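**Student:** Read in order, the letters of the sequence shown correspond to residues -19 to -1, 1 to 168 in mature numbering (1 follows the signal peptide of the UniProt record, and there is no 0).
Beta carbons: idealized from backbone N, C-alpha and C, even for Gly.
Bear in mind the structure is a predicted one, so any value in this text is a computation, not a measurement.
Sharing a structure, written as structure tokens. Questions coming.
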Amino acid sequence: MRALRGVSAASVATLLASAAHTLSGGGAPHPLLLSAVAVLAAPAAVALAGRRLALWRVALTVLASQGLFHVAFALSGDLGGGVSVPGHVHGAVALPTIAITPEVPDAGMIAGHVAAALVTIAVAHRGEKALRDLGRGILRLLRRRVVAPSVRRPLVVLAAVGRIARTTSIVLSGASGRGPPVVAAAR
């Protein structure tokens, strides 16, 4: 359970940090960078997850990870864009340029990462209990017996059955000689 808790916390923290970073004006991180960051964050999250879920441990882990996520996303630059080549340069190879400049994050970026940290803390701390309660509720529903209600129906009148039987025999009497030859049906 500890490993599952840590890996899921690392994944949620990575996705929320990416969304906060992008919505706060930073470049969208490449999916491979997101995967690498989540894989690198998972062992630390598993180590800090502990057997019992302590709020201070979750908060410490998430706040530290948000800072590291920002650094990783900011240093990677904007890798998502394409490169435009001017006209009539048919054989040239255009290489993307990445401007890596150390810059101090602005207030919007800090607010975005703090908001992502608060949401991650709430999801990590309360989400596990909510999932556990949901699972218990589903199991409780599955364990219940479904009992069909008993319905009293009146007996069928035998005179109507006789009329239906006569009508059916008249309809089926003309269809007895139709169909493929016996030899063709055997193949």
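Across the segment 1 to 13 and the segment 35 to 44, are there enough close Cβ pairs to call them in contact, namely three or more that are closer than 8 Å?
**Tutor:** Counting Cβ pairs under 8 Å, fewer than three are found: no touch.
**Student:** Specify the secondary structure class of Met(-19) as computed by DSSP and reduced to three states.
**Tutor:** For the purposes of this step, residue -19 is taken as the residue at position 1 of the sequence shown. Coil.
**Student:** Grouping DSSP H, G and I as helix and E and B as strand, with all else coil, what is Val64?
**Tutor:** The count along the sequence shown starts at 1 and reaches residue 64 at position 83. Legend: pLDDT at Val64 = 49, less than 50; position of this residue unreliable, no value from coordinates given.
**Student:** If you run the structure through DSSP and keep just helix, strand and coil, what is Ser57?
**Tutor:** Here residue 57 corresponds to residue number 76 of the sequence shown, with the count starting at 1. Of the three classes helix, strand and coil, the one that applies to Ser57 here is helix, per DSSP.
**Student:** Give the C-beta separation of Leu4 and Gly93 to the nearest angstrom, bearing in mind that I take them to be a contact with Cβ-Cβ under 8 Å.
**Tutor:** If you number the sequence shown from 1, residue 4 lands on position 23. If you number the sequence shown from 1, residue 93 lands on position 112. Correct: roughly 6 Å between the Cβ atoms.
**Student:** In whole angstroms, what is the alpha-carbon distance linking Leu44 and Ala96?
**Tutor:** For the purposes of this step, residue 44 is taken as residue 63 along the sequence shown, with counting starting at 1. For the purposes of this step, residue 96 is taken as residue 115 along the sequence shown, with counting starting at 1. C-alpha separation (whole angstroms): 10 Å.
**Student:** Distance, Cα to Cα, residue 199 vs Val132?
**Tutor:** Nothing about residue 199 can be read from this structure; the chain reaches only from -19 to 168.
**Student:** Our contact map puts Ala23 next to Gly(-14) with C-beta atoms below 8 Å; I'd like the distance itself, whole angstroms only.
**Tutor:** For the purposes of this step, residue 23 is taken as the residue at position 42 of the sequence shown. For the purposes of this step, residue -14 is taken as the residue at position 6 of the sequence shown. Contact holds; Cβ gap of about 6 Å.
**Student:** Apart from the five residues on each side of it in sequence, which residues of its chain come closer than 6 Å, Cβ to Cβ, to Met90?
**Tutor:** Start at 1 with the first residue of the sequence shown, and residue 90 comes out as number 109. Result list for Met90: Ser5, in chain order.
**Student:** When DSSP labels each residue in this structure, what does Asp114 get in the three-state scheme?
**Tutor:** Residue numbering aside, residue 114 sits at position 133 when the sequence shown is read from its first letter. Looking at Asp114 - three-state DSSP - the assignment turns out to be helix.
**Student:** Quick one: grab the DSSP three-state call for Pro86.
**Tutor:** Residue 86 sits at position 105 when you count from the first residue of the sequence shown. In the structure shown, Pro86 sits in coil (DSSP, three-state: anything other than H, G, I, E or B).
**Student:** Beta-carbon separation of Ala(-11) and Ala26 under 8 Å?
**Tutor:** Counting from 1 along the sequence shown, the entry for residue -11 is found at position 9. Counting from 1 along the sequence shown, the entry for residue 26 is found at position 45. Yes, they are a contact pair.
**Student:** Here's the rule: buried if 16 or more other CB atoms are within 10 angstroms of the residue's CB, otherwise exposed. What is Leu21?
**Tutor:** Residue 21 sits at position 40 when you count from the first residue of the sequence shown. Leu21 should be labelled exposed.
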